[in-house]
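Enquirer: Next up is a structure, given as structure tokens.
Residue numbers (the numbering used here): 8 to 74.
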């Protein structure tokens, strides 16, 4: 079985990417902005807030059920 290089880009894909870049440039679509937030603000903080709200909601619901 031949080993394929899965990281190598095919010429067809390179042409499609170049054409898409050209279309974006003609349409005036800017490059996507780089994320400015840190891991703490973009991932960890929302997960902690959602977890705290979930625990509080389940706690209140269990009290309503009388558990």
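All C-beta atoms in this analysis are idealised placements derived from N, C-alpha and C, irrespective of residue type, glycine included.
1. Where does residue 16 fall in DSSP's three states?
2. Is the beta carbon of residue 39 closer than 9 Å to that of residue 49?
3. Tell me the residue span of the alpha helix (DSSP H) that contains residue 59.
Expert: Taking the definition as stated:
1. By one-based count along the chain shown, residue 16 stands at place 9. Note: residue 16 maps to coil in three-state DSSP.
2. Here residue 49 refers to the residue found at position 42 when the chain shown is read from its first residue. Here residue 39 refers to the residue found at position 32 when the chain shown is read from its first residue. Result no, Cβ atoms of residue 49 and residue 39 do not sit closer than 9 Å.
3. Looking up residue 59 in the chain shown gives position 52. 52-72 is the extent of the alpha helix (DSSP H) around residue 59.
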